[in-house]
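S.K.: This structure is in structure tokens; I'll ask about it shortly.
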Amino acid sequence: EWIKFAAACREGEDNSKRNPIAKIHSDCAANQQVTYRISGVGIDQPPYGIFVINQKTGEINITSIVDREVTPFFIIYCRALNSLGQDLEKPLELRVRVLDINDNPPVFSMSTFVGEIEENSNANTLVMVLNATDADEPNNLNSKIAFKIIRQEPSDSPMFIINRYTGEIRTMNNFLDREQYGQYSLAVRGSDRDGGADGMSAECECNIKILDVNDNIPYMELPTQSISIEENSLNSNLLQIRVIDLDEEFSANWMAVIFFISGNEGNWFEIEMNERTNVGTLKVVKPLDFEAMNNLQLSLGVRNKAEFHQSIMSQYKLTATAISVTVLNVVEGSVFRPGSKTFVVNSNMGQNYKIGEYVAWDLDANRPSTTVRYVMGRNPTDLLAIDSKTAIITLRNKVTMEQYKILGGKYQGTILSIDDALQRTCTGTIVINLENGGWKTERPNVNGSTTSAYGLTSGGVTTNGYTTGGGVGTVTFAVGTNGYGVGTGVYQPLRDNVHFGPAGIGLLIMGFLVLGLVPFLLMCCDCGGAPGGGAAFEPVPECSDGAIHSWAVEGAQADPGVLANSAVPCIPVTNANVIEYVDNSGVYTNEYGAREMQDLGGGERTTGFELTDGVKMSGGPEICQEYPGTLRRNSMRECREGGLNMNFMESYFCQKAYAYADEDEGRPSNDCLLIYDIEGAGSPAGSVGCCSFIGEDLDDSFLDTLGPKFKKLADISLGKDVEPFPDSDPSWPPKSTEPVCPPQGTEPTGGGHPPISPRFGTTTVISENTYPSGPGVQHPTPIPDPLGYGNVTVTESYTSSGTLKPSVHIHDNRHASNVVVTERVVGPISGADLQGMLEMPDLRDGSNVIVTERVIAPSSSLPTTLTIPDPRQSSNVVVTERVIQPTSGIVGNLSMHP
Amino acid sequence: DFRIQVRDYNTKNGTIKWHSLRRQKR
Numbered sequence: 001e002w003i004k005f006a007a008a009c010r011e012g013e014d015n016s017k018r019n020p021i022a023k024i025h026s027d028c029a030a031n032q033q034v035t036y037r038i039s040g041v042g043i044d045q046p047p048y049g050i051f052v053i054n055q056k057t058g059e060i061n062i063t064s065i066v067d068r069e070v071t072p073f074f075i076i077y078c079r080a081l082n083s084l085g086q087d088l089e090k091p092l093e094l095r096v097r098v099l100d101i102n103d104n105p106p107v108f109s110m111s112t113f114v115g116e117i118e119e120n121s122n123a124n125t126l127v128m129v130l131n132a133t134d135a136d137e138p139n140n141l142n143s144k145i146a147f148k149i150i151r152q153e154p155s156d157s158p159m160f161i162i163n164r165y166t167g168e169i170r171t172m173n174n175f176l177d178r179e180q181y182g183q184y185s186l187a188v189r190g191s192d193r194d195g196g197a198d199g200m201s202a203e204c205e206c207n208i209k210i211l212d213v214n215d216n217i218p219y220m221e222l223p224t225q226s227i228s229i230e231e232n233s234l235n236s237n238l239l240q241i242r243v244i245d246l247d248e249e250f251s252a253n254w255m256a257v258i259f260f261i262s263g264n265e266g267n268w269f270e271i272e273m274n275e276r277t278n279v280g281t282l283k284v285v286k287p288l289d290f291e292a293m294n295n296l297q298l299s300l301g302v303r304n305k306a307e308f309h310q311s312i313m314s315q316y317k318l319t320a321t322a323i324s325v326t327v328l329n330v331v332e333g334s335v336f337r338p339g340s341k342t343f344v345v346n347s348n349m350g351q352n353y354k355i356g357e358y359v360a361w362d363l364d365a366n367r368p369s370t371t372v373r374y375v376m377g378r379n380p381t382d383l384l385a386i387d388s389k390t391a392i393i394t395l396r397n398k399v400t401m402e403q404y405k406i407l408g409g410k411y412q413g414t415i416l417s418i419d420d421a422l423q424r425t426c427t428g429t430i431v432i433n434l435e436n437g438g439w440k441t442e443r444p445n446v447n448g449s450t451t452s453a454y455g456l457t458s459g460g461v462t463t464n465g466y467t468t469g470g471g472v473g474t475v476t477f478a479v480g481t482n483g484y485g486v487g488t489g490v491y492q493p494l495r496d497n498v499h500f501g502p503a504g505i506g507l508l509i510m511g512f513l514v515l516g517l518v519p520f521l522l523m524c525c526d527c528g529g530a531p532g533g534g535a536a537f538e539p540v541p542e543c544s545d546g547a548i549h550s551w552a553v554e555g556a557q558a559d560p561g562v563l564a565n566s567a568v569p570c571i572p573v574t575n576a577n578v579i580e581y582v583d584n585s586g587v588y589t590n591e592y593g594a595r596e597m598q599d600l601g602g603g604e605r606t607t608g609f610e611l612t613d614g615v616k617m618s619g620g621p622e623i624c625q626e627y628p629g630t631l632r633r634n635s636m637r638e639c640r641e642g643g644l645n646m647n648f649m650e651s652y653f654c655q656k657a658y659a660y661a662d663e664d665e666g667r668p669s670n671d672c673l674l675i676y677d678i679e680g681a682g683s684p685a686g687s688v689g690c691c692s693f694i695g696e697d698l699d700d701s702f703l704d705t706l707g708p709k710f711k712k713l714a715d716i717s718l719g720k721d722v723e724p725f726p727d728s729d730p731s732w733p734p735k736s737t738e739p740v741c742p743p744q745g746t747e748p749t750g751g752g753h754p755p756i757s758p759r760f761g762t763t764t765v766i767s768e769n770t771y772p773s774g775p776g777v778q779h780p781t782p783i784p785d786p787l788g789y790g791n792v793t794v795t796e797s798y799t800s801s802g803t804l805k806p807s808v809h810i811h812d813n814r815h816a817s818n819v820v821v822t823e824r825v826v827g828p829i830s831g832a833d834l835q836g837m838l839e840m841p842d843l844r845d846g847s848n849v850i851v852t853e854r855v856i857a858p859s860s861s862l863p864t865t866l867t868i869p870d871p872r873q874s875s876n877v878v879v880t881e882r883v884i885q886p887t888s889g890i891v892g893n894l895s896m897h898p
Numbered sequence: 899d900f901r902i903q904v905r906d907y908n909t910k911n912g913t914i915k916w917h918s919l920r921r922q923k924r
């Protein structure tokens, strides 16, 4: 594909002063009249009339201002017609390129970018990527946008960096602390011309929210460390424990969980957390026993609902907070333990037979009670009697068959222990199993009593105003037989109903009585009724242990002297997890690499230009080494992964070609660019190479002026068959790393093997320039072998005068990961000696490409030494070109000997 | 022969120079 760059015009300005911009001519005009015609976009296609031609002279003029953003280039189709309108020549194409001017500012895709990042994120963590476009020519400095953070709020210290090329905003360090600042606002400027002062700029805003992580350890705040509670009581709010946590409120990072480390083995306590206030309430859910334990130490710990962040995981240590709990004694009196007792009575047991004893237990003294007296409570058929002091239970009489039938074979009564001092009563249940058989039917001996016959007591103990407190009374009725009435309170003698049979009348009345009395008695049976009513019906509780408890809910005894929690964990005021030193010397210090390119399309053309991809080699501050520590490593990695920007290289050489096209013929422009990019980053799969030549349209003879190495490469590029280089060093790698430098001026290895592609992931750029030379050209300067092993080195120096032969040094590259071609052309410098002034780094560990091109030309400002930085740590492309022209005024350390 | 020449704007002495088309082979 032939690409012609023939003419150019500049957008946005009047180019007519340059008319005619081109002219066409046919030799047919020598013997006949020729009419020249042009057509195409900008002529007879919109935009019309940009170009016009003088049909007779063939001069082409530009008539209008053009806009590159509308029409980047024009193709003018040129024809030569005879008087009959027939083509005399094969049409030619004239390409007119519209040179870009920087007339478009960058445009951000959004005015405000929003992002978020977790606090404590590692340095160099990607936060967000900004995007901006520039309508100017792609791959041109006018559209090359450099991003820069120009403002940060809060501005305490710069926390973010931006990649000036990609717009990636990353964390500068790992110190982001949501507890300090929950959000940052950045003002970012994007400037074209790579951020140059002459560029156009636009700004945008970035809001970065800092997300919370659980990087704060909670601690408890106790109003007191000593509390007390009465035994046998429950408490739903014994103590309020406030938890302090600096993490985001109401999040799991903030919500606390208080737990018992020790002291709650009996599960007496519970802690209920209020997730709105982060206050824990200590509750007593199981009564404590003073006699068993009058003092205990609760040990509490606290953590968050969420796991701790890894940044503080190691800092968290379980810290116990102690609470001293005093159990207050309560006079409990005596109880029957167990609450019921069972005896066996048979027909052989007679009157006053001692069937057992049932002693109340003094809970306060923890021994049999000595302060109570005992009385019978419910005593069906008046079967039993109890000794008021010893609690010995005896039979009143021998059990009769009637009693046996009434009781149904099983007696269940109650006894009461009465503590007159405490005014407390406790009830115990007596169960007697009447063993079947042998019961006599004789009428029992009835002692005079308040009840008649076999009446029974119904809850029949009047406690004379003693507090019975909340117990459940037992009310039992036994139906009398054989005309014996039953009653309590209302008693109807049976003899008033003589007209009925005694049994029938008794049953009838009993039925009514039962129906009438039951609701009444139930109403009177007010459990826990108000004490003090001496005549009231006060049932006696029949709880299992016979005790009458008063479960009060009491508040904790607040200690006015609030003790500080001595076990509060140490919370760092600032995140002391400093893992690396970071230079915070500025926000805009994040450039991972820099490129500079002279805009050769403009009016100010220079003969020297510098291209740096990845690591900028010297002088400027915009180097990857700006940051030590992690940031630096990351930056370097980024540099390393940058790869070769093919678009940029393409643009570079296109512009270079264009520049040469406009220059005097005195400088033949034989440029050869051979690019191997074998599966490298961004490389099109299978790409082999690219070779650019600048030369006369029909003259490829300039290839002959190339050095053998470049000619070989050019041949490869053109698809010509080339002979492989002989394997000059089959025992690769060499034992010695000394470079092998053939004598100067020796012929290159004829027909050597072609430049075998380097290994995958490598990039090779070979550049060559030839320039006219005059007499006295210095012999090529030997260059130290830049490679120890594993690479291909082509070192060539020659002049286009043809009098000097280049020296070529080729390594076997079978093990190569690099290809370095260094070529120098020393112009007509008399007495120049560059020995010692050129330094080449050792590239044995790198995977880099260095193209060094120098032209010695007159200059009065030669550097003292020409140094190529050591690119071992990068994998980039460096193209350095200098122009040094012969001068008599060379100063400094550059000594040029004949 | 049928050729195109383009004008060189960079001549320093104001003279007009014409260049035949150059080409770049890719």
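Protein chains in written order, with this note's numbering: chain A, 1 to 898; chain B, 899 to 924.
Don't be surprised by glycine CBs; every beta carbon is placed ideally from N, CA and C.
1) Any chance the stretch 33-42 of chain A sits against the stretch 80-87 of chain A, with 3 or more Cβ pairs inside 8 Å?
2) Would you call A:Trp254 buried or exposed, if buried means 16 or more other Cβ atoms sit within 10 Å of its Cβ?
3) Apply the 10 Å Cβ neighbour rule to A:Ala365 and answer buried if 16 or more other Cβ atoms are within range, or exposed otherwise.
4) What does A:Pro20 touch in chain B if you count any residue whose Cβ is under 8 Å from its own?
5) Look at the Cβ atom of A:Ala8, then the Cβ atom of A:Val96, and state whether they are nearer than 8 Å.
6) Please determine, among A:Ile117, A:Ser201 and A:Ser314, the residue with the shortest C-alpha to C-alpha distance to A:Arg193.
7) Quick check: the Cα distance between A:Phe108 and A:Glu118, rounded to an integer number of angstroms?
8) Could you check where the alpha helix (DSSP H) with A:Ile261 kicks off and where it finishes?
9) Run the CB neighbour count on A:Asn329, radius 10 Å, all protein chains shown included, and call it buried at 16 or more, exposed below.
10) Applying the 10 Å Cβ sphere with the 16-neighbour rule, what's the burial state of A:Pro444?
11) Look up A:Ser544 in the DSSP assignment and say whether it is helix, strand or coil.
12) Do you know how far the Cα of B:Asp899 is from the Cα of A:Asp27?
13) Just curious, the alpha helix (DSSP H) that A:Met313 is in, first and last residue?
14) Is any beta-carbon of chain B found at less than 8 Å from that of A:Ala80?
15) To the nearest angstrom, report how far apart A:Asn104 and A:Arg276 are at their CA atoms.
16) What did DSSP end up calling A:Glu610 once you bin it into helix, strand or coil?
17) Starting from A:Tyr36, trace the beta strand (DSSP E) both ways and give me its first and last residue.
18) Skipping 5 residues on each side, what residues in its chain have a beta carbon closer than 6 Å to that of A:Gly199?
19) Assign A:Arg193 to one of three DSSP states: helix, strand, or coil.
20) Excluding sequence positions up to five away, which residues of its chain have a Cβ less than 6 Å from the Cβ of A:Gly438?
21) Let me know the secondary structure DSSP gives A:Gln403 once reduced to three states.
22) Taking 8 Å as the limit between beta carbons, can you name the residues of its chain near A:Thr370, skipping five residues before and five after?
23) Output needed for A:Val359: all residues of its chain with C-beta closer than 6 Å, excluding positions within five of it in sequence on either side, in chain order.
24) Going by DSSP, what residues sit across from A:Thr394 in a beta bridge?
25) Tell me which same chain residues have a C-beta within less than 6 Å of the C-beta of A:Asn352, skipping the five on either side of it?
26) Report the rounded CA-to-CA distance for A:Leu416 versus A:Asp387, giving the unit in angstroms.
27) State the beta-bridge partners of A:Gly182 as determined by DSSP.
28) Does DSSP classify A:Lys144 as helix, strand or coil?
29) What does A:Glu89 touch in chain B if you count any residue whose Cβ is under 7 Å from its own?
30) Excluding sequence positions up to five away, which residues of its chain have a Cβ less than 6 Å from the Cβ of A:Ile53?
31) Give the secondary structure of A:Met29 by DSSP, where H, G and I count as helix, E and B as strand, and everything else as coil.
32) Quick check on this structure: which residue in A:Arg373, A:Lys389 and A:Thr400 has the alpha carbon closest to the alpha carbon of A:Asp382?
33) Are the CB atoms of A:Arg170 and A:Val127 within a distance shorter than 8 Å?
34) For A:Lys341, which beta-bridge partners are listed by DSSP?
35) If you measure between the beta carbons of A:Asp134 and A:Pro154, is that distance less than 8 Å?
36) Assign A:Val325 to one of two classes, buried (16 or more other C-beta atoms within 10 Å of its C-beta) or exposed (fewer than that).
M.R.: On the basis of the data shown:
1) Contact between the stretch 33-42 of chain A and the stretch 80-87 of chain A is present: three or more C-beta pairs spanning the two stretches fall below 8 Å.
2) Flag for A:Trp254 reads buried.
3) Flag for A:Ala365 reads exposed.
4) Close partners of A:Pro20 in chain B (Cβ separation under 8 Å): Arg905.
5) Between A:Ala8 and A:Val96, the CB-CB gap stays under 8 Å.
6) Residue A:Ser201 is the option with its Cα nearest to A:Arg193.
7) Using only the alpha carbons, I get a separation of about 25 Å.
8) Counting along the chain, A:Ile261 falls outside any alpha helix (DSSP H), though it belongs to the beta strand (DSSP E) covering Ala256 to Ser262.
9) So A:Asn329 counts as exposed.
10) Interpretation of A:Pro444 is limited by its pLDDT of 48, a score under 50 that renders its predicted location unreliable; the figure taken from the coordinates is listed afterwards. Buried is the call here.
11) Low local confidence applies: a pLDDT of 34 at A:Ser544 is under 50, so the model's placement there is unreliable, and no value is given.
12) So the two alpha carbons sit approximately 5 Å from each other.
13) Start and end: Gln310 to Met313.
14) It does; some Cβ of chain B falls within 8 Å.
15) When rounded, the distance between both Cα atoms is 55 Å.
16) Residue placement at A:Glu610 cannot be trusted, given a pLDDT of 29 that sits under 50; what the coordinates show is reported in the next sentence. Assignment of A:Glu610 by DSSP, reduced to helix, strand and coil, places it in the strand class.
17) In this chain, the beta strand (DSSP E) harbouring A:Tyr36 covers Thr35 to Ser39.
18) In chain order, Ser191, Asp192 and Arg193 place their CB closer than 6 Å to the CB of A:Gly199, counting only its own chain and leaving out the 5 sequence neighbours on each side.
19) Note: A:Arg193 maps to helix in three-state DSSP.
20) These residues qualify, in order along the chain: Ser347.
21) A:Gln403 falls in the helix class under three-state DSSP.
22) Asp362.
23) Excluding sequence positions up to five before and after A:Val359, its CB lies within less than 6 Å of the CB of Pro368 and Ala391, all in the same chain and listed in chain order.
24) A:Lys354 and A:Ala385, per the DSSP bridge assignment.
25) Here the set comprises Thr394.
26) A:Leu416 and A:Asp387: Cα-Cα distance of roughly 11 Å.
27) Beta-bridge partners of A:Gly182 (DSSP): none assigned.
28) Correct three-state label for A:Lys144: coil.
29) Contact annotation for A:Glu89 against chain B: Phe900 [CB-CB distance below 7 Å, chain order].
30) Within the same chain, A:Ile53 has close Cβ partners Tyr36, Ile38 and Ile60.
31) The sequence given here has Ala at residue 29 of chain A, not Met. Secondary structure of A:Ala29 (DSSP, three-state): helix.
32) Checked all of A:Arg373, A:Lys389 and A:Thr400; the closest Cα to A:Asp382 is A:Thr400.
33) Yes, the pair counts as a contact, with Cβ atoms nearer than the cut-off.
34) Per DSSP, A:Ile430.
35) No, they are not a contact pair.
36) A residue is called buried once 16 or more other Cβ atoms fall within 10 Å of its Cβ, and A:Val325 is buried on that count.
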